[in-house]
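Report on the structure given below.
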Amino acid sequence: MSNQTDNVRIQKPFYKVLFSKFAEAGPLIALLLVVIIFASITDSFLTTRNMLSILKQSSAQCLVALGILLAILTGGNDLSVGSTLGLSMVIMGLTIHAGWNPYLSMLVCALTGAFLGLCNGLIFTKGKLPHPYIVTLGTLNIYRGLCLIITHGTPVSGMPSTITFLGSYSIEKIFPVCIFVVLLFYIIWWFMLTRTTFGRHIYAVGGNPAAARLAGINVNWVLTAVYTLSGLVSGMAALLLCGRTNSIFPTAGQTWETNAIAAVIIGGASFSGGRGSVLGTLTGVLLIQTTTNGLNILGMSSDWQTVFLGSMIILSVFIDVIRNGGFKSVKSLVKNNNKADVKK
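Residue numbers (the working numbering): 14 to 357.
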């Protein structure tokens, strides 16, 4: 009898199982469809040169998205990733102008990003603020303002070859070095999230912070580490972007948080936390960049591309809501939270 009861409990309606499977493979299917559609419309799309160009242009965005992934997995968000990228680049520019060794300047860039992320994490956890959205919205403006103050709004071009090597150099004039940098970080992130205790703690905190605390997980430490790592990859993205453009400019990374958040959600992560993957994030970034590239080839204006991106974000959120049980479950969750607040 108990076995029959257990079987009944774990059974789900067929349409929910089917939708769940489709949602998991959806981003990859969408990417393949986008490639097929643009390839059938224009011959200049599916070429080796254009495909490598897409990968090269999306390299820095791929790293920024990894930081957003960690934040969203914990049920939070990091709106400051673009500004962190910009300020890391500007600080690196100061060291280059001062005549520092290029390798040391690159290290400073990455560490600056990590430090700015650490500030986000500490302000959120130690300040006991209700949501990291508030903190990172503030630091988004602070970091960007510092970029403009330090540079006086003036870009600087002509970077050392050591830096341009990462963003511009191609092995055998075919394979961009930046792609290998991105793959290295994605492998590290995949291993961290799927094969380490820290990765399991990240998912646990996002799934249920209260239960994670009861299980003995230091939630504040996990959150601080997550935002520090988010800053670190933003600093590394600054290196790739600086190397690709051969310049330092105060608006670097501006509005990148929007694309990165969209990529992570389109890739299957949930705003409620506890669900998301490295592969899904990579697919989401490539889907957005491939679509943008195709629309550029077709001559669509950047204004309409922005509208299209916004539509993709809304659609991905609707899919996330349905995947979580529909709007009824969301309303139920809101009611339960309100009841808990009243009891407090």
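Where is the CB? At the ideal position from N, CA and C, for every residue including glycine. Quantities reported herein were computed from a predicted structural model and do not represent experimental measurements.
In this structure, the beta-carbon distance from Ser283 to Asp333 falls below 7 Å. Gly244 and Leu129 do touch by the CB rule: their CB atoms are close to 5 Å apart, below 8 Å.
Below 8 Å, enough C-beta pairs join the stretch 113–120 and the stretch 160–176 to call them touching: three or more. Counting the other CB atoms within 10 Å of its CB gives Asn272 a total of 16 or more, which places it among the buried residues.
Gly286 places its beta carbon 7 Å or farther from that of Gly126. No Cβ-Cβ contact shorter than 7 Å links Tyr156 with Leu120. Under DSSP, Pro189 shares a beta bridge with Ser183. Along the length of the stretch 115–152, whole beta strand (DSSP E) runs at least 3 residues long do not occur. Per the C-alpha coordinates, the member of Trp269, Met325, Trp234, Leu299 positioned closest to Cys132 is Trp234. By the C-beta density criterion, Arg213 is exposed, having fewer than 16 other C-beta atoms within 10 angstroms.
Under the DSSP definition of a beta bridge, Ile215 lacks any partner. Assigned with DSSP and collapsed to three states, Ile332 falls in helix. Put simply, the backbone Cα of Phe51 is about 6 Å away from that of Phe58. The criterion of a C-beta distance shorter than 7 Å is not satisfied by Ser71 and Leu253. When the five nearest sequence neighbours on each side are left out, the beta carbons in the same chain lying within less than 6 Å of the beta carbon of Val246 are those of Leu76, Leu79, Gly80, in order along the chain. A direct Cα-to-Cα measurement between Thr258 and Ala224 gives close to 46 Å. Going by beta carbons, Gly248 and Ala123 fall inside the 7 Å limit. When the alpha-carbon of Ile104 is set against those of Gly229, Tyr146, Ala251, the nearest one is in Ala251. Lys139 is classed as exposed because its beta carbon has fewer than 16 other beta carbons within 10 Å across all chains shown. Within 10 angstroms of the beta-carbon of Trp317 lie fewer than 16 other beta-carbons, which makes it exposed. In the assembly as shown, Asn309 is an exposed residue. Its beta-carbon has fewer than 16 other beta-carbons within 10 Å. Gly293 has its alpha-carbon roughly 27 Å from the corresponding atom of Leu311. When the Cα atoms are used, Arg62 and Ile163 turn out to be separated by approximately 37 Å.
Rounded to whole angstroms, the Cβ separation of Val277 and Tyr199 is 13 Å, and the two are not in contact under 8 Å. Counting along the chain, Gly99 sits inside the alpha helix (DSSP H) bounded by residues 94–110.
Taking the Cα positions, Gly39 is about 45 Å away from Thr108. Counting only residues of its own chain and dropping the five nearest sequence neighbours on each side, Leu161 has a CB closer than 7 Å to the CB of Pro263. For the pair Gly289 and Leu179, the CB atoms are not nearer than the 7 Å cut-off.
Proximity to Ala84 across Gly220, Thr303, Gln302 peaks at Gly220, based on C-alpha coordinates. Rounded to whole angstroms, the Cβ separation of Tyr240 and Gly95 is 15 Å, and the two are not in contact under 8 Å. Taking 8 Å as the upper bound for CB-CB distance, Leu86 and Leu300 are not in contact here, some 20 Å apart. By the neighbour-count definition (other C-beta atoms within 10 Å, threshold 16), Leu206 is a buried residue.
DSSP places Ile230 outside any alpha helix (DSSP H), giving it a letter other than H or E. For Trp269, the enclosing alpha helix (DSSP H) has its first and last residue at 269–279. Looking at Leu82, Ser181, Phe137, Ser93, the one whose alpha-carbon comes closest to that of Ser66 is Ser181. DSSP places Asn309 inside the alpha helix (DSSP H), whose first and last residues are 291–311.
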